[in-house]
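Student:
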């Protein structure tokens, strides 16, 4: 069941980001931490670039 393993991995990733904290609008008294404030955006960008590279590899 590889898909079940992937879902567990994504769930653990989500839990990791939630434990580190998320950006709260209006809370400007902390320095910007890229992983805390933009973690999901970074992860989705990496996944999108990987999917694009995989698509190009399969298309050629």
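Residue numbers (the numbering used here): 48 to 107.
Idealized CB from N, CA, C, for every residue including glycine.
Note that the structure is predicted; figures quoted are calculated from it, not measured.
#1: Consult DSSP for residue 62 and reduce its assignment to one of helix, strand or coil.
#2: Which of the three DSSP states is assigned to residue 80 in this structure?
#3: To which residues of the same chain is residue 57 closer than 7 Å at the C-beta, ignoring the five residues directly before and after it?
#4: Look at residue 92 and residue 64 and say whether their C-beta atoms are less than 9 Å apart.
Tutor: In brief:
#1: Within the chain shown, the letter at position 15 stands for residue 62. Helix at residue 62.
#2: Residue 80 sits at position 33 when you count from the first residue of the chain shown. Residue 80 falls in the coil class under three-state DSSP.
#3: Numbered from 1 along the chain shown, position 10 holds the residue referred to as residue 57. Excluding its 5 nearest sequence neighbours in each direction, residue 57 has no C-beta neighbour in its own chain below 7 Å.
#4: Against the chain shown, residue 92 aligns to sequence position 45. Against the chain shown, residue 64 aligns to sequence position 17. Residue 64 sits away from residue 92, with the two beta carbons spaced by 9 Å or more.
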